[in-house]
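Colleague:
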Amino acid sequence: NYVMSGGSILDRDVIRIRRDGSPVHLLLSVAPIKNQNGVILGAIGMCSDITNLKSIEGALQEEILRRKVLFDQAPVGIVVIDPSTAGILESNKTAHEQLGYSKEEFASMTIFDIEALETADEINDHISRVMQDRISTFSTMQRCKDNTLKKVHVTAQNITVQGKSVYYCIWMDLTNIIP
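FYI, this note's numbering numbers position 7 of the sequence shown as 11, with every residue one higher than the one before it.
1) By Cβ distance, which residues of its chain are closer than 7 Å to LYS184, with the 5 residues on each side in sequence left out?
2) Which one or two residues does DSSP pair with ILE44 in a beta bridge?
3) Can you tell me whether DSSP reads MET176 as helix, strand or coil?
4) Give the range of the beta strand (DSSP E) segment to which LYS155 is assigned.
5) Please state the DSSP three-state secondary structure of GLU122.
6) Leaving out five residues before and five after LEU93 in sequence, what residues of the same chain have Cβ atoms less than 6 Å from its Cβ?
7) Could you pull out every residue in the same chain whose Cβ sits closer than 7 Å to the Cβ of LYS58, ignoring the five residues on either side in sequence?
8) Do the segment 146-157 and the segment 116-135 meet, that is, are 3 or more Cβ pairs less than 8 Å apart?
9) Would you kindly report the start and end of the unbroken alpha helix (DSSP H) that includes ILE13?
10) Taking 7 Å as the threshold (C-beta atoms), are ALA111 and VAL134 in contact?
11) Rounded C-beta distance between VAL34 and VAL7? I'm assuming under 8 Å.
12) Look at the Cβ atom of ALA78, then the Cβ atom of ASN96, and state whether they are nearer than 7 Å.
13) Please list the terminal residues of the continuous beta strand (DSSP E) segment that includes VAL83.
14) Does ILE92 come out as helix, strand or coil in the three-state DSSP assignment?
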């Protein structure tokens, strides 16, 4: 009725049931056919089976959720840093909580704000070496929001995310493990 009164349906996702009882996802488009006077004579439609696409889409969403959970709930701090500014691009909950910062506070910080042993020049040199050598492991001290220090073991790596090289770090808090 909608199409025969002049409306069009464009790319509507519909589910129908096959004879065997299984669902089929269809992408449906329908438009009225009009004569030169604008009188509707009929309709033309196109239907595509997108069942496989929907299955792949569902699997992709599950994988995205799984990876998000692994990142967000890791027992170590995970931080992605812009190597040119030392700014924090992304981090998990453990990274900011182990230093006493809120997610918002932490997102506006740089490594210069956190690192307690190295100077800004030493930090930049360290980042440059990792960006060239691909990986480094070391222990250092990080400054918490309350100005206390935490001993951490860091694995830093140069990885490529969406075509851009970033400084990827995993921080393990050693404060209560190693005196």
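The beta carbon of each residue, even a glycine, is placed where N, CA and C say it ideally should be. Remember, predicted model here, so these are calculated numbers, not experimental data.
Modeller: Taking the definition as stated:
1) Residue 184 falls outside the range modelled here, since the chain spans only 5 to 183, and no answer is possible.
2) Position 40 of the sequence shown, counted from the start, is the residue given in the question as residue 44. For ILE44, which the question treats as bridged, DSSP gives the partners LYS38.
3) Residue mapping note: residue 176 aligns to position 172 of the sequence shown, counting from 1. Three-state DSSP puts MET176 in a strand.
4) Your numbering for residue 155 matches position 151 in the sequence shown. Its beta strand (DSSP E) spans residues 153-165.
5) Counting from one through the sequence shown, the residue named residue 122 turns up at place 118. Residue state, collapsed to three classes: coil.
6) Locating residue 93 in the sequence shown gives position 89, counting from the first residue. These residues qualify, in order along the chain: VAL84, ASP86.
7) As a position in the sequence shown, residue 58 is number 54, starting the count at 1. Excluding residues within five positions, the ones whose Cβ falls inside 7 Å are HIS29.
8) yes
9) Counting from 1 along the sequence shown, the entry for residue 13 is found at position 9. ILE13 -> not in any alpha helix (DSSP H); beta strand (DSSP E) instead, spanning 13-21.
10) The count along the sequence shown starts at 1 and reaches residue 134 at position 130. The count along the sequence shown starts at 1 and reaches residue 111 at position 107. No, these two residues do not count as a Cβ contact at 7 Å.
11) Against the sequence shown, residue 34 aligns to sequence position 30. Against the sequence shown, residue 7 aligns to sequence position 3. VAL34 to VAL7, Cβ: 5 Å. Contact.
12) The count along the sequence shown starts at 1 and reaches residue 78 at position 74. The count along the sequence shown starts at 1 and reaches residue 96 at position 92. Cβ atoms of ALA78 and ASN96: closer than 7 Å.
13) Within the sequence shown, numbered from 1, the residue matching residue 83 stands at position 79. Unbroken beta strand (DSSP E) run through VAL83: 81-85.
14) The count along the sequence shown starts at 1 and reaches residue 92 at position 88. Correct three-state label for ILE92: strand.
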